[in-house]
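Taking it in order: structure first as structure tokens, then the write-up.
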Amino acid sequence: AQKVRTLIIEDFKKAFEKVDVLVGPTSPVTAFKFGEKTEDPMAMYAIDITTIPANLAGVPAMSIPAGLSDDGLPVGFQFLAPQQRDEAMYKPAAALEAALEEDWNGPIWQSLKTPWLDGLNK
Numbered sequence: 002a003q004k005v006r007t008l009i010i011e012d013f014k015k016a017f018e019k020v021d022v023l024v025g026p027t028s029p030v031t032a033f034k035f036g037e038k039t040e041d042p043m044a045m046y047a048i049d050i051t052t053i054p055a056n057l058a059g060v061p062a063m064s065i066p067a068g069l070s071d072d073g074l075p076v077g078f079q080f081l082a083p084q085q086r087d088e089a090m091y092k093p094a095a096a097l098e099a100a101l102e103e104d105w106n107g108p109i110w111q112s113l114k115t116p117w118l119d120g121l122n123k
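Quick note on my numbering: the sequence shown kicks off at 2 and runs consecutively.
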């Protein structure tokens, strides 16, 4: 396990020699509906596949909302920065979030048509 972790760390170091931040999807699929995959632990683990490498490598990461999928579920982008360079991802993430927020006309919870979020929309 430590050998794999070391390889992941080295891959991130090489990537950050070429770019300041990495950006990608927070998840490879849209969110599951509540309770939909509780009997499928592999599906539950697989949804985290894009966030696990950053955790293993110890690189800072953050996710921002990117709107809603066609079926109305939230999607997001993940930003990653070199180790101990958290600040490198803040401005690019804020800029993309602001640009995307214009498309859905406000913070993501204002776009959701979900009864359990009604209290947030007021």
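Positions of the beta carbon are idealized from the N, C-alpha and C atoms, including for glycine.
These numbers come from a predicted model, not from an experiment.
Residue span of the alpha helix (DSSP H) that contains Leu8, given as start and end
3 to 19
Quick check on Phe78: buried or exposed, where buried means 16 or more other Cβ atoms within 10 Å of its Cβ?
buried
Euclidean distance between Cα positions of Lys92 and Asp21
11 angstroms
Roughly how far, in whole angstroms, is the beta-carbon of Thr31 from the beta-carbon of Ser64, given that I think they are within contact range, below 8 angstroms?
Actually they do not touch by this definition, with Cβ atoms about 14 angstroms apart.
Using alpha carbons as the reference points, say which of Ile53, Phe33, Pro54, Thr52 lies closest to Ala44.
Phe33
For the stretch 47 to 84, which segments carrying the beta strand (DSSP E) assignment without a break, of at least 3 residues, lie completely within its bounds, in sequence order?
62 to 69, 75 to 81
Since Leu23 sits in a beta bridge, which residues does DSSP pair it with?
Leu81
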